[in-house]
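Below: one structure, written as structure tokens.
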Amino acid sequence: RGGGGAKMAAKMAKWAAVPATLAYASTNVYAAAEEEPKSQPVKAHQLSIYNAPPLKSRYVDEKPGRLQTGISSVRKSMGYYINGCKNAYFFVKNGVISSIQFGKDVYVYLKNPPPEFLPKVGTITISGLTGLVLARKGSRFKKIAYPMGLCTLCISLCYPAQSVIVAKVNSP
Numbered sequence: 002r003g004g005g006g007a008k009m010a011a012k013m014a015k016w017a018a019v020p021a022t023l024a025y026a027s028t029n030v031y032a033a034a035e036e037e038p039k040s041q042p043v044k045a046h047q048l049s050i051y052n053a054p055p056l057k058s059r060y061v062d063e064k065p066g067r068l069q070t071g072i073s074s075v076r077k078s079m080g081y082y083i084n085g086c087k088n089a090y091f092f093v094k095n096g097v098i099s100s101i102q103f104g105k106d107v108y109v110y111l112k113n114p115p116p117e118f119l120p121k122v123g124t125i126t127i128s129g130l131t132g133l134v135l136a137r138k139g140s141r142f143k144k145i146a147y148p149m150g151l152c153t154l155c156i157s158l159c160y161p162a163q164s165v166i167v168a169k170v171n172s173p
């Protein structure tokens, strides 16, 4: 509980520093007095916060200096890169989260698999390895086509209902 006072004091010091820094800001305010038709520059800290400004006062917009113009151009040009980095970060973050969830789901499924699952996986694996052995001295096409073809054949035999659904969805 003793550290709460220090945090509160730090917050109060921060809020007390804001008006002090605003007093030294280099903002020019032009006010027109009734006696003098010309407007004269008045610093922000010279204005009274208790009295209303004169009725004939007008606001004159300052033209930005070289520093403000430079900072503005840097902010605009860097904004595109920062937004791109944010989008990439969220894309990667969502991908990692979904991959972690997929891994957890697979772990739960494989922890207590259905009784027919492991024999089917073994059969599909053996058919893929058989395709690799048959295509070991063939062309690059055979090395890809034989294992994939035998695995596809074995999957369609082990999971006929799902194979029919995939065939219906992918047929024109």
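In the working numbering, the protein residues as written are 2 to 173.
A virtual CB, placed ideally from N, CA and C, is assigned to each residue, including glycine.
These numbers were taken from a predicted model, which means no experiment stands behind them.
### Message
Once DSSP output is grouped into helix, strand and coil, what is the label at A26?
### Response
With a pLDDT of 49 at A26, under the threshold of 50, the predicted position of this residue should be treated as unreliable, though the coordinate-derived value follows. Residue state, collapsed to three classes: coil.
### Task
Return helix, strand or coil for N95, following the three-state DSSP convention.
helix
### Query
From C152 to R76, what does the alpha carbon distance come to, in whole angstroms?
Taking the straight line joining both Cα atoms gives about 55 Å.
### Task
May I have the straight-line CA-CA distance separating G66 from S73, to the nearest angstrom?
Using only the alpha carbons, I get a separation of about 11 Å.
### Task
Measure the CB-CB distance between G132 and Y147 and report whether it falls below 8 Å.
yes
### Buried versus exposed call for C155 [16 or more other C-beta atoms within 10 Å across all chains shown]
Buried.
### Task
Give the range of the alpha helix (DSSP H) segment to which V122 is assigned.
118-135
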